[in-house]
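First up is the structure itself, then whatever we jot down about it.
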Amino acid sequence: MAPRRILAQAQLANSIGDGVYLVTSAFYFTRIVGLSATEIGLGLTLGWAVGSVAGVPLGHLADRRGPRGVAVLLALTTATAVGSFLFVRSFALFVLVACLYGTAQTGLSAARQALLAGLIAPEERTVVRAVLQSTLNGGLAVGAALGGLALHLGTRPAYLAVFALDAVSFLVAARLLLKLPSVQVPPAAPGPRLAVLRDRPYALITLINAVMLFYMPLLSLVVPLWIASRTSAPTWMVSVLLLLNTVTVLLFQVRVARRVKGLPSAARSVRYAGLVMFAACAVFALSPYGWLFLLVAAGLQVLSEMLLASGSWEISFGLAPDHKQGQYQGFFGTGVAVARMLGPVVLTTLVLGGGTLGWLLLGAAFAAASASMAPAVRWGQRSLEAAQPQAVADHEHA
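Numbering (my numbering), first residue to last: 427 to 824.
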């Protein structure tokens, strides 16, 4: 079986579990475990903070020990963490398990990207990554439906069953990843072990991408609160917008990704993403005047999301040395953790506190960040080209 198909099957398996977790976790932790909303927020924030720090060393481990074995190990660790949530009865234990969960998930993402880079030709990586993203969205939708059934039942056995399903989904993913061929590990190159921490252009690009990823809480948190407090739209409109997002990514993410060929077109894709997101924010600001504006804004938002994803994937792979993809993908993935930690408080404060002006300021921030990507990518290209001859010379004299 082709590696890309196995990667997609593994992605589908654990994304179903992730969908279940995303829909039910808050209710499980409050109603079954007995934690307060503040405790849940603090525990998950700490968990993702620890995970963001662990991403680079775990990615480096994938580079040196082979990404397949590390990915399998971290999938098993994630299954263990999810299963451990079933036995949490105190805040302290919740924080410990959340840290294990965040670390395993962040490391698994880095190892998977290194695995993809090792098994897929460079010119096909972005398209394959788009296929995996579409698969992920489909799995999340299935998992969300199963989670919704548990919420409807509202019983302790129902919650325990879906958390167990989440754990099993990662066991299935681990089993599928074992079917992949191993990636040859090159001899250790001279120089610092965690070279990504000294790669200033890549750090800047990661920061820009992190700012762009602040769109993540929009549809799940900010827009629902905006609809409830500032518009006359029915609350079920939130589900319509989420469904629109999911279906659009499923149908069009791969098509958008096929248009990105090389670093210059990737930087342009990110630039367009920022401009489209500015337009989306401006239209969201008009939504108190009619629910149709919500649909238009959500359509623009998902277009921006697909443009950003396609461009950032190409950039993250293209500016990383082939033998250090794990640590570089681990570092690049910290943007997701930052957006998850800071995005909700920044966006709710800006939008709900600032209204129309807040939306416009948010859109301007996206546009400004996206405009800075092209010069940052050119800097990264020059840095990578300068480093490669030096690396060859160091290896010959070693």
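Beta carbons are placed, not taken as given, at the ideal position from N, Cα and C, and that holds for glycine.
- DSSP places residue 805 within a helical segment (H, G or I) once states are collapsed to three.
- In the assembly as shown, residue 460 is an exposed residue. Its beta-carbon has fewer than 16 other beta-carbons within 10 Å.
- In this structure, the CA atom of residue 540 is about 12 Å from the CA atom of residue 744.
- Distance from the Cα of residue 664 is smallest, within the candidate group 646, 677, 678 and 718, for 646.
- In terms of Cβ geometry, residue 765 and residue 755 do not form a close pair [threshold 8 Å].
- Sixteen is the threshold: since fewer than 16 other Cβ atoms of the shown chains lie within 10 Å of the Cβ of residue 610, the residue is exposed.
- Distance from the CA of residue 688 to the CA of residue 644, rounded to the nearest whole angstrom, comes to 29 Å.
- Nearest to residue 695 by C-alpha distance, out of 730, 668, 714 and 607, is 730.
- Rounded to the nearest whole angstrom, the CA to CA distance from residue 660 to residue 466 is 28 Å.
- Membership of residue 450 in the alpha helix (DSSP H) is indicated by the continuous run 429-453.
- Taking C-beta separations shorter than 7 Å and ignoring five residues to either side along the sequence, the partners of residue 810 in its chain run 745, following chain order.
- The count of Cβ pairs closer than 8 Å, one atom from the segment 511-519 and one from the segment 715-726, stays below three, leaving the stretches out of contact.
- In the structure shown, the three-state DSSP call for residue 619 is coil.
- Between residue 488 and residue 507, the gap from beta carbon to beta carbon reaches 8 Å or more.
- One thing to note: residue 733 has its Cβ no nearer than 8 Å to the Cβ of residue 709.
- In this structure, residue 776 and residue 711 do not form a Cβ contact; the two beta carbons are roughly 12 Å apart against a cut-off of 8 Å.
- Only residues of its own chain outside the window of five on either side were considered, and among them 627, 628, 631 and 745 have a CB closer than 7 Å to the CB of residue 806, listed in chain order.
- Residue 783 has its alpha-carbon roughly 36 Å from the corresponding atom of residue 565.
- The Cβ neighbour count for residue 428, taken over all protein chains shown within 10 Å, is under 16; the residue is labelled exposed.
- Residue 469 holds the alpha-carbon nearest to the alpha-carbon of residue 524 among 715, 469, 690 and 443.
- Of all C-beta pairs linking the segment 579-596 to the segment 446-460, three or more are shorter than 8 Å, placing the two stretches in contact.
- Per DSSP, residue 748 lies in no alpha helix (DSSP H) and is assigned neither H nor E.
- Taking C-alpha positions only, residue 670 is separated from residue 612 by approximately 44 Å.
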